[in-house]
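The listed protein sequences correspond, in order, to chains A and B.
Its first residue numbered 1, the first sequence is counted upward by one per residue in this note's numbering.
Its first residue numbered 1001, the second sequence is counted upward by one per residue in this note's numbering.
Beta carbons are placed, not taken as given, at the ideal position from N, Cα and C, and that holds for glycine.
Every value quoted in this text rests on a predicted model; they were computed, and no experiment measured them.
There are 2 protein chains.
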Amino acid sequence: MAETLRRAPLSRDRILHAAVALADEAGIESLSMRNLAQDLGVVPMALYKHVANKDELLDGMIDVVVGEIDPPAADADWKHTLRRRVLSARQVLRRHPWAPLAIESRNMATPAILSYLDSTVGTLLAGGFSTDLAHHVMHAMGSRILGFSQELFDASRRAGRSGGTDPGPPAALPAEVAARFPRLAEIAAAASHDDESVVGQGCDDQFEFEFALDLLLDGIERLHRQGWTSSRRPG
Amino acid sequence: MAETLRRAPLSRDRILHAAVALADEAGIESLSMRNLAQDLGVVPMALYKHVANKDELLDGMIDVVVGEIDPPAADADWKHTLRRRVLSARQVLRRHPWAPLAIESRNMATPAILSYLDSTVGTLLAGGFSTDLAHHVMHAMGSRILGFSQELFDASRRAGRSGGTDPGPPAALPAEVAARFPRLAEIAAAASHDDESVVGQGCDDQFEFEFALDLLLDGIERLHRQGWTSSRRPG
DNA sequence: ACCTGAACACCGTTCAAGT
DNA sequence: ACCTGAACACCGTTCAAGT
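Structure (structure tokens):
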């Protein structure tokens, strides 16, 4: 009897939150129906009463994450509203690092994502954007609108960990890599930008994210001011 | 004897190209060591003489794909050189639609990717960029520098396929989705932009990709002309 | 020494047997 | 009617047996 009372009765919501917690703590590769069931103190097949299959479980997890993003503050202009919301999305994704890949690997937009995108479009239209420009802007922002960093370049920092020990901080690039790719090494060495006290710390992710975000937002603002339409390319 | 002569002897190269072909044709989810071995007319364990494990196989496949990207043409200015190369990368990825997710899911940059990034940095530095600006530009371009479309928004087009039959073209959004997300429907309806003959065709992926690419390149060009440094934010 | 079949430790999911 | 253990059809990879 103690075993059956140990936890609240199973529900879709409890399953989804347990799955998110498992992915957060152990990584998405540890998320199996069997592991999840064990975490919940339940037999694996019990999960299938609440989620149809693993894909639907992942969709539900994505909706949980997207639901954590702050709603748009309606008191500011479109640019600040959008900027704040994207940065909020980024903070959410930092708590759930598995989410970007999970979202990209699903081939269907979930209701929560559609709702998020819809209200973002609303921000643009309320800011006076034509439907035409709003459309292209949504494409141009791409997954960055959900806070994705999509740091391909970040991978170069991890490029050296082939050998055994991993001593010290990831300062610049390993010597062998730096020798083969000298120009990568050159800009990596510039990574300790205006923060003087931080040397060989690697990149400031928040700075890089805002740099790219503002580059896009400023360009979008310029097109908007110029009354851009499809017949004229940006520039 | 006929069986043993049926194919060329196994090699790492032959394995990698067979794996790329399998992923291209049947999808990355069909790529298993067992399926790949069968395609090659070989016992599964034979593969392990040439690749250490499946992760190394994926790394090798990524290098094959990245190797198909045109080298930079050295005769133009940085902007056109970069633009052409990114568009070349995009064409390559369109032939290998599994590659973006595969690249993002690997946590280590492969030699071919590092080489690609290194020569791209070289283009920027040769164009007179400071190492500082070149560094942030690489981050801002992100995976788009490898031709990634990262069309999150594209997913909304596929949002309606829950029911059974799938009749006709994906014209705008399904009625139920359009009703719940009216502003998404509004900009989706604007998708048939200046091409008058195409109605309800969905988005022009190439147009959207170049729109975003040029938005970034134009913004980058502006910063470069202004002699941007870390102490001043873009804008 | 080389190759390879069987085996191991997992998966997601089906299905029939048990209550 | 509901729940669930065993089973099925897969994985990637180890390992020992066979040549």
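- Below the 7 Å Cβ cutoff, chain A contributes Phe181, Arg183, Leu184 as neighbours of Asp1118 (chain B), in chain order.
- Burial of Ala1099 (chain B) is indicated by the presence of at least 16 other C-beta atoms within 10 angstroms of its C-beta.
- Contact note: Val64 (chain A) does not reach chain B at a C-beta cutoff of 8 Å; the least C-beta distance is about 18 Å.
- With fewer than 16 other CB atoms across the displayed protein chains lying within 10 angstroms of its CB, Ala76 (chain A) is exposed.
- Proximity to Asp204 (chain A) across B:Ser1230, B:Phe1148, B:Asp1055, B:Ser1030 peaks at B:Ser1230, based on C-alpha coordinates.
- Using a CB distance cut-off of 9 Å, Met1033 (chain B) does not count as an interface residue toward chain A.
- Taking 9 Å as the CB threshold, Pro111 (chain A) lines the interface with chain B.
- Considering only A:Thr81, A:Pro71, A:Met108, the residue with the shortest C-alpha distance to Val92 (chain A) is A:Pro71.
- The alpha carbon of Gly1041 (chain B) has as its nearest neighbour, out of B:Glu1029, B:Lys1054, B:Leu1010, B:Arg1090, the alpha carbon of B:Leu1010.
- DSSP places Leu213 (chain A) in the helix class (H, G or I) of the three-state scheme.
- Residue state for Leu10 (chain A) is assigned as coil, using DSSP reduced to three classes.
- With a contact defined as Cβ atoms closer than 8 Å, Ala140 (chain A) and Leu1215 (chain B) qualify at about 5 Å.
- Residue environment: Gln38 (chain A) is assigned as exposed (fewer than 16 neighbouring CB atoms within 10 Å of its CB, all protein chains considered).
- Relative to the Cα of Gly1147 (chain B), the nearest Cα in the group B:Asp1055, B:Arg1083, B:Ile1220, B:Ala1074 belongs to B:Arg1083.
- One thing to note: Gly128 (chain A) has its Cβ within 9 Å of the Cβ of His224 (chain A).
- Inclusion of Asp118 (chain A) and Phe1207 (chain B) in the CB contact set at 9 Å is not warranted, their separation being larger than that value.
- In the structure shown, Asn1107 (chain B) adopts coil according to DSSP, grouped into three states.
- Distance from the CA atom of Val1051 (chain B) to the CA atom of Phe211 (chain A), rounded to whole angstroms, is 40 Å.
- For Ser30 (chain A), no CB of chain B lies under 9 Å from its own CB, so it is not counted at the interface with that chain.
- Val1137 (chain B) and Trp78 (chain A) have their C-alpha atoms roughly 25 Å apart.
- At a cut-off of 9 Å between beta-carbon atoms, Ser105 (chain A) makes contact with chain B.
- Here Ala89 (chain A) has Ile69, Leu146, Gly147 as same chain residues with Cβ atoms under 7 Å from its own Cβ, once five neighbours each way along the sequence are excluded.
- In the displayed model, Ala1023 (chain B) falls within a helix according to three-state DSSP.
- Excluding five sequence positions before and after Ala23 (chain A), the CB atoms of its chain that fall closer than 6 Å to its own CB belong to Leu31, Trp98, given in chain order.
- In terms of Cβ geometry, Leu16 (chain A) and Met33 (chain A) do not form a close pair [threshold 9 Å].
- Out of A:Gly67, A:Arg85, A:Thr81, A:Ala185, the CA that lies nearest to the CA of Thr1131 (chain B) is found in A:Ala185.
- Scanning chain A for C-beta atoms nearer than 7 Å to the C-beta of Glu1056 (chain B) yields nothing, as the closest lies near 11 Å away.
- Within the same chain, and ignoring the five residues on either side of Arg1012 (chain B) in sequence, the residues whose Cβ sits closer than 6 Å to its Cβ are His1050.
- Looking from the CA of Ile1062 (chain B), the closest CA among B:Ala1191, B:Asn1035, B:Ala1026, B:Ser1115 belongs to B:Ser1115.
- Pairing Ala1134 (chain B) with Arg183 (chain A), the inter-Cα distance amounts to about 10 Å.
- Spatial neighbours of Leu1213 (chain B) in its own chain (CB-CB distance under 8 Å, excluding positions within 5 residues in sequence) are listed in chain order as Arg1083, Val1086, Leu1087, Arg1144.
- By the criterion of a C-beta distance shorter than 6 Å, Ile1028 (chain B) is surrounded in its chain by Trp1098, once the five residues flanking it on both sides are discounted.
- Neighbours of Gly1122 (chain B) in chain A, taken as residues whose beta carbon is under 7 Å from its own, are Arg183 in chain order.
- With respect to Asp59 (chain A), Thr110 (chain A) sits close: the two C-beta atoms are nearer than 9 Å.
- Chain B places a beta carbon closer than 9 Å to that of Glu151 (chain A), counting this residue as a contact.
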